[in-house]
Amino acid sequence: MKYTVITGASSGIGYEAAMAFAARGKNLILVARRENELNKLKDTIQHMNSDLDVIIKKADLSESEQVHTLFESLKEYDIETFVNNAGFGNSSTVAEQDVTKTEKMLRVNIEALTTLSTLYARDYADQEGAQLINVSSDLGYRLVPNAVTYAATKFYVSAFTEGLAQELQDNEAQLKVKILAPSMTETEFVKTARELDDFSYSDNVQKFHTAKEMAQFMLELYDSEQIVGKVNSESYEFELMDPVFQYTSRK
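Structure below.
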C-alpha cells in the first residue's frame, strides 16, 4: 500500500491537495499542528471514498525534534509522494519584524523542509515513481517590500529544490523532485502574515487563485516531466518550466 504525505494539510493548499490526491484514489498521511482540523478532513475524505486509508500525524514543524520524530514515524509506510507544503509568511519591514516569529518561520519554511526533503531523498532516491514536491512561492523568484524575509525563505526553497532535482538527475536517480510556486492564493496566509482576525481576498486583492485551483496546478506538475510549476505574477497563468537558477553539472 502506497501513501502520499502532505504537510500543512489542515487548511489552504494542503487541504485542497489532500482532496485532489484523494480524488485520484491515493492513500494519505496528513500532517499539521491542528489535529481537530485534520480529523475533519479525514472524515470528509473517507465519506468521499471509504476505501482510502487516511492517517493523521500531529506535528509542529517549527520544533526540530518533532520533525525528526515525524519522519521516523513514517518509516513503516511506503511513501509514493511527499508534499512539503507547510509554511507561513510575515508582513513587515525587516527592521520592524517580530524576531521570534521570524525565527519560527525560518525553522518551518527552511529547516523542516530541508530535513524532510533530505531524509525522503535518502530513502527513496532509487524508488521508481517516487516524487517530492516542495511548495515555494512566486516570491521565491522576486522580492517585494514588507516581505523580504519571507521571500528569502522561499528563494532558499526554490534554489534548494531546483538543485536537488538536478543533482538527482545527474546521479540517474529514480526520485523526481519538483517545485510548486503559487502567487497570491486565497488561504489563511494573509491573516497569519499580517496577524488579522479576518481578510477578504475578493475585497482587497485584484488577482488571486483559490486553494482548490492551486491543488489542480499541483496535479498538473505531478503529471508532468517538468521541475518547476509557477504562477506568472503578471498574467496569473500557471506555467510548467525548466529550472530558473543556474546549475553547473559535473558531467
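Position 10 of the sequence shown, counted from 1, bears residue number 532 in the numbering used here, the numbering being contiguous throughout. Ideal Cβ placement from N, Cα and C applies to all residues, glycine included. Being a predicted model, the structure only gives us computed values, none of them experimental.
**Report entry** Secondary structure of residue 699, DSSP reduced to three states
**Finding:** In the sequence shown, counting from the first residue as 1, residue 699 sits at position 177. The answer is strand: DSSP assigns residue 699 an E or B state.
Query raised in the report: At which residues does the beta strand (DSSP E) containing residue 553 begin and terminate?
Result: As a first step, residue 553 must be located in the sequence shown, where it is residue number 31. It spans 549 to 554 - the beta strand (DSSP E) in which residue 553 sits, taken as one unbroken run.
Query raised in the report: Which partner residues of residue 606 appear in the DSSP bridge assignment?
Result: By 1-based counting over the sequence shown, the position of residue 606 is 84. Answer is 656.
Query raised in the report: Buried or exposed: which applies to residue 769, given that a residue is buried once 16 or more other Cβ atoms fall within 10 Å of its Cβ?
Result: Along the sequence shown, read from residue 1 onward, the residue named residue 769 stands at position 247. Exposed is the call here.
Query raised in the report: Is residue 589 helix, strand or coil when you go by DSSP?
Result: Position 67 of the sequence shown holds residue 589. It is helical.
Requested in this report: Within 10 angstroms of the Cβ of residue 665, are there 16 or more other Cβ atoms? Answer buried if so, exposed if not.
Outcome: Sequence index remark: in the sequence shown, residue 665 carries index 143 (1-based). Exposed.
Query raised in the report: Cα separation between residue 702 and residue 629?
Result: By 1-based counting over the sequence shown, the position of residue 702 is 180. By 1-based counting over the sequence shown, the position of residue 629 is 107. Residue 702 and residue 629: Cα-Cα distance of roughly 20 Å.
Query raised in the report: What is the DSSP secondary structure of residue 670, reduced to helix, strand or coil?
Result: As a working note, residue 670 is residue 148 in the sequence shown. It is helical.
Query raised in the report: Within this structure, are the beta carbons of residue 552 and residue 535 separated by less than 7 Å?
Result: Here residue 552 corresponds to residue number 30 of the sequence shown, with the count starting at 1. Here residue 535 corresponds to residue number 13 of the sequence shown, with the count starting at 1. Contact flag unset, no.
**Report entry** Beta-carbon separation (whole angstroms), residue 662 vs residue 677, contact threshold 8 Å
**Finding:** Taking the first residue of the sequence shown as 1, we reach residue 662 at position 140. Taking the first residue of the sequence shown as 1, we reach residue 677 at position 155. Rounded, the Cβ-Cβ distance is 5 Å, consistent with contact.
**Report entry** Identity of the residue in 653, 729 and 699 nearest residue 765 by Cα
**Finding:** As a first step, residue 765 is located in the sequence shown; it is residue number 243 there, counting from the start. The candidate whose alpha carbon is nearest that of residue 765 is 699.
Requested in this report: Would you kindly work out how many angstroms separate the C-alpha atoms of residue 685 and residue 547, rounded to a whole number?
Outcome: As a first step, residue 685 must be located in the sequence shown, where it is residue number 163. As a first step, residue 547 must be located in the sequence shown, where it is residue number 25. A direct Cα-to-Cα measurement between residue 685 and residue 547 gives close to 31 Å.
Report task. Rounded to whole angstroms, what's the CA-CA distance from residue 635 to residue 731? Just pull it up for me. Result -> The residue given as residue 635 occupies position 113 in the sequence shown. The residue given as residue 731 occupies position 209 in the sequence shown. The alpha-carbon of residue 635 is positioned some 24 Å away from that of residue 731.
Query raised in the report: Which partner residues does residue 569 have in the DSSP bridge list?
Result: For the purposes of this step, residue 569 is taken as the residue at position 47 of the sequence shown. Partner(s): none; residue 569 has no beta bridge.
Query - Beta-carbon proximity list for residue 669, same chain, < 7 Å, skipping 5 on both sides - result: By one-based count along the sequence shown, residue 669 stands at place 147. Closer than 7 Å at Cβ, skipping near neighbours: 611, 613 and 661.
Query raised in the report: Is residue 621 helix, strand or coil by DSSP?
Result: As a working mapping, residue 621 is identified with position 99 in the sequence shown. Reduced to three states, the DSSP call for residue 621 is helix.
**Report entry** Three-way DSSP call (helix, strand, coil) for residue 761 in this model
**Finding:** In the sequence shown, counting from the first residue as 1, residue 761 sits at position 239. Three-state result, residue 761: strand.
Query - Simplified DSSP state of residue 749, which is helix, strand or coil - result: Translated into the one-based positions of the sequence shown, residue 749 becomes position 227. Coil.
Query - Inter-stretch contact (C-beta, 8 Å, three-pair minimum) for the region 636 to 654 and the region 688 to 699 - result: yes
Query raised in the report: If you follow the beta strand (DSSP E) that residue 632 is part of, which residue opens it and which one closes it?
Result: Reading the sequence shown from its first residue, position 110 is the one you call residue 632. It is not in any beta strand (DSSP E) - residue 632 carries neither H nor E in the DSSP assignment.
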